[in-house]
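Step one of this worksheet: look at the structure below.
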Amino acid sequence: MSRETGSETQQSQSGQQAQSGTSSSSSGSQSTSQSSSSSGTLSSLDTVPTQELPAIPEDQESEELVPQPWGRLFALAKGFSNCDCVNEEYWFGRDKSCDYSFSKLGLSETGFYQNYSKKHFRIFREMGPKNSFVAYIEDHSANGTFVNRQLVGKGRRLPLTHNSEIALSIQTNKVFVFSDLTVDDQMMFPKEFREKYIMSKTLGSGACGEVKLAFEKSTCNKVAVKIINKRKFMASGLSEANPPLNINTEIEILKKIDHPCLIKIKNFFEAEDYYIVLELMEGGELYDRVSRPVKMKEDICKLYFYQMLLAVKYLHDNGIIHRDLKPENVLLSSSEETCLIKILGEASLMKTLCGTPMYLAPEVLNSLGTAGYSRAVDCWSLGVILFVCLCGYPPFNEQNTQLSLKDQITHGKYTFIAKEWKHVSDMALDLVKKLLVVDPSERLTTEEALEHPWLQDEDMKTTFQQLLAQTCTSMNPPETSKMISFCGSKSFRRKSPDSPMLSKAEFVEKVRQSNQACHDGDFHTAIVLYNEALGVDPQNCILYSNRSAAYMKIHQYDKALDDAIKARLLNPKWPKLMEDVGSSMGIAVLRLKGHILEFKLWYVLYPENQDKFNVQSIVTELTPSLLTYELQKR
1 MSRETGSETQ
11 QSQSGQQAQS
21 GTSSSSSGSQ
31 STSQSSSSSG
41 TLSSLDTVPT
51 QELPAIPEDQ
61 ESEELVPQPW
71 GRLFALAKGF
81 SNCDCVNEEY
91 WFGRDKSCDY
101 SFSKLGLSET
111 GFYQNYSKKH
121 FRIFREMGPK
131 NSFVAYIEDH
141 SANGTFVNRQ
151 LVGKGRRLPL
161 THNSEIALSI
171 QTNKVFVFSD
181 LTVDDQMMFP
191 KEFREKYIMS
201 KTLGSGACGE
211 VKLAFEKSTC
221 NKVAVKIINK
231 RKFMASGLSE
241 ANPPLNINTE
251 IEILKKIDHP
261 CLIKIKNFFE
271 AEDYYIVLEL
281 MEGGELYDRV
291 SRPVKMKEDI
301 CKLYFYQMLL
311 AVKYLHDNGI
321 IHRDLKPENV
331 LLSSSEETCL
341 IKILGEASLM
351 KTLCGTPMYL
361 APEVLNSLGT
371 AGYSRAVDCW
381 SLGVILFVCL
391 CGYPPFNEQN
401 TQLSLKDQIT
411 HGKYTFIAKE
421 WKHVSDMALD
431 LVKKLLVVDP
441 SERLTTEEAL
451 EHPWLQDEDM
461 KTTFQQLLAQ
471 TCTSMNPPET
481 SKMISFCGSK
491 SFRRKSPDSP
501 MLSKAEFVEK
511 VRQSNQACHD
521 GDFHTAIVLY
531 NEALGVDPQN
541 CILYSNRSAA
551 YMKIHQYDKA
561 LDDAIKARLL
571 NPKWPKLMED
581 VGSSMGIAVL
591 RLKGHILEFK
601 LWYVLYPENQ
611 DKFNVQSIVT
621 ELTPSLLTYE
631 LQKR
């Protein structure tokens, strides 16, 4: 996700205010009370008719005269800055004489700049009914000015209401949101929230709450605010399977979630309702993308679904079941087709039957939300999402007159329409079928789905890594008590639901046997044992590092690199770990290959910088002949 920098926004905002010759000081009302209290007026008990009041100091008088803004334009597009409306009118355009000059902002490098007119539009206010002002926008452009996707029309005006969106040249080029500062609708929100954020328009709503756009006061960055009705939330935790929840504990756990394919929780406020502040995604919902007349390409479906699996696997590995996976909860980072996706993770708070029935697993519908269920419910939902992405229609629908929607789902009765699936590969179809299995114990897990042949696409994974490299360099797990690791857990469960529980001592012994087999040179046995250990603790970066070393010893470099990438994403200190593993095993060549593998890892993660890599600074203590020999195997 692209993150706007607060410093740039603040600097450009201050620059724009200086440009328009205005100020947004809020000290006027305060100075009035200060001047009256310090004016020297005597009390009514000491009335002296001839007493003259001393003059108000000049600095206080000047503060009283500072006008307050009646409106504010929050910038939505890159390069634009916020603008406080203090004067009665403002001109916007490319001309340097405009109050808000596009040329002075350095917008000439943007794609739409040439479509902007010298005087594109003006914003002003006039006296309306009941002695109240009405704000207007007037179009003077050749290519159009839009308010809430409606064309104003050259020479025409429209009233500018609170939270109106302004777009230039085309409907989708949104540059401002207008905030009417004379409308005090912020008081309905908690005081603690108002101190940090300004609430704006509604982005969407559903049975479990609504989502609004807001602006962070300190940076003017855009955020999304999810408002959850407290009474509905508390009622959702009263069933036997779902005891009352401590939402503050849940939020603290979710705030530690740190994965590039999961929406980050930035803040939380509790009042009459719950307010969850989330990072904002600019590309909209996956639902809108799959609802288009033209179906998504299979390779794009694969890119999106791979990221969904990574995100849900991360939640599962940290003891969290989402329970409400659907296209509306999968958000896109941009309007570009090839982009990162992020899943709204805080839906796991709503442990109730508020999910969309079409995406609910059979075991959820059979229990009517009164019984506990496993992480397999998410895998079913992922299967439904993949089905919709590939063919453009849902596997279950209420138009089926023979079976109810519930019966279709609980019996796994879905239909493949041949003409809609003729361009879909057999491997993609196979993955859908293995996810939409009624018996949760037979359904693929996220880990198993990631191993499916359809997702063994190196070009797709490279594309994902390139997108990831633009925003972050690691995917570190959160440090919560729910992690399936050595964090106080007394036992561990194998990947298979039928496998017995392992004590911590048994798990440690399993790891010791793996390391011993590797030390003895029995690398095939070591790999089998590492596989079993990773089935118990799939977040253990050292196990991935050790298995990577074993794969290198038997010359399976592709698998070694895959494990190295997993270890690198779980722990950014992976190169040092690899070196320590090699040293502890007393195998000098392992250290050598660890350095080489790290070079190959960086080469894969950052292909756009391949020509800039200094091999000698990454691969150390190598002779040229050995270096050449090993890199030829890449």
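FYI, the UniProt record's numbering numbers position 196 of the sequence shown as 196, with every residue one higher than the one before it. Using N, Cα and C, we set each Cβ at its ideal position, and we do this for glycine too. These numbers come from a predicted model, not from an experiment.
- Assignment of Pro293 by DSSP, reduced to helix, strand and coil, places it in the coil class.
- In this chain, Met358 is not harboured by any beta strand (DSSP E), its DSSP state being neither H nor E.
- Between Leu386 and Leu435, the CB-CB gap stays under 8 Å.
- Closest in alpha carbon position to Arg289, among Leu213, Thr202, Ile251, Gly392, is Gly392.
- The region 120-157 is shown to contain no whole alpha helix (DSSP H) run of 4 or more residues.
- For the 8 Å CB-CB criterion, Glu447 and Pro362 do not form a contact.
- A distance below 8 Å separates the beta carbons of Ile341 and Leu332.
- In this structure Arg94 is in contact with Lys118, their Cβ atoms being roughly 5 Å apart against a cut-off of 8 Å.
- Taking 4 residues as the minimum length, the alpha helix (DSSP H) runs contained wholly in the region 389-466 are 405-410, 418-421, 426-435, 446-450, in order along the chain.
- C-alpha of Asn546 to C-alpha of Arg323: approximately 34 Å in a straight line.
- About 5 Å separates the Cβ atoms of Ser200 and Asn163, confirming a contact at the 8 Å cut-off.
- Val438 places its beta carbon less than 8 Å from that of His411.
- CA-to-CA, the gap between Leu315 and Leu534 works out to about 17 Å.
- Three or more Cβ pairs closer than 8 Å define a contact, and the region 106-123 meets that threshold against the region 136-150.
- For the 8 Å CB-CB criterion, Phe396 and Gln408 form a contact.
- If only uninterrupted alpha helix (DSSP H) runs of at least 4 residues are considered, those enclosed by the region 261-339 are 286-290, 298-317.
- Per DSSP, the unbroken alpha helix (DSSP H) holding Leu543 starts and ends at 541-553.
- Look at the beta carbons and you see the region 94-105 not touching the region 175-194: under three pairs across the two are nearer than 8 Å.
- Under the three-state reduction of DSSP, Trp380 is assigned to helix.
- The beta-carbon distance between Ile166 and Val147, rounded to whole angstroms, is 6 Å. This is short enough to meet the 8 Å contact definition.
- Within the region 74-128, complete beta strand (DSSP E) segments of at least 3 residues are found at 83-85, 89-93, 121-127, given in chain order.
- At the C-beta level, Leu181 and Arg72 come within 8 Å of one another.
- Taking Phe464 as reference, the option from Thr110, Cys541, Tyr304 with the minimal CA-CA separation is Tyr304.
- A buried status is given to Arg125, since no fewer than 16 other beta-carbon atoms sit within 10 Å of its beta-carbon.
- Counting only the Cα atoms, Met460 lies some 11 Å from Glu298.
- Here the alpha carbon of Tyr275 sits roughly 11 Å from the alpha carbon of Ile247.
- With respect to Tyr90, Ile137 sits apart: the two C-beta atoms are not nearer than 8 Å.
- In the structure shown, Arg375 falls within a coil segment according to DSSP collapsed to helix, strand and coil.
- Cβ contact annotation for Pro69 (same chain, cutoff 7 Å, sequence separation greater than five): Ser24, Asp84, Cys85, Val86, Leu181, in chain order.
- Our two residues, Glu509 and Asp562, have alpha carbons roughly 25 Å apart in a direct line.
- Taking a 10 Å sphere around the C-beta of Thr338, we find fewer than 16 other C-beta atoms and assign the residue as exposed.
- Less than 8 Å separates the beta-carbon of Phe112 from that of Leu168.
- Boundaries of the alpha helix (DSSP H) harbouring Ile253: 247-255, taken from the DSSP string.
- Within the DSSP secondary-structure output, Lys226 pairs in a beta bridge with Val211, Ile276.
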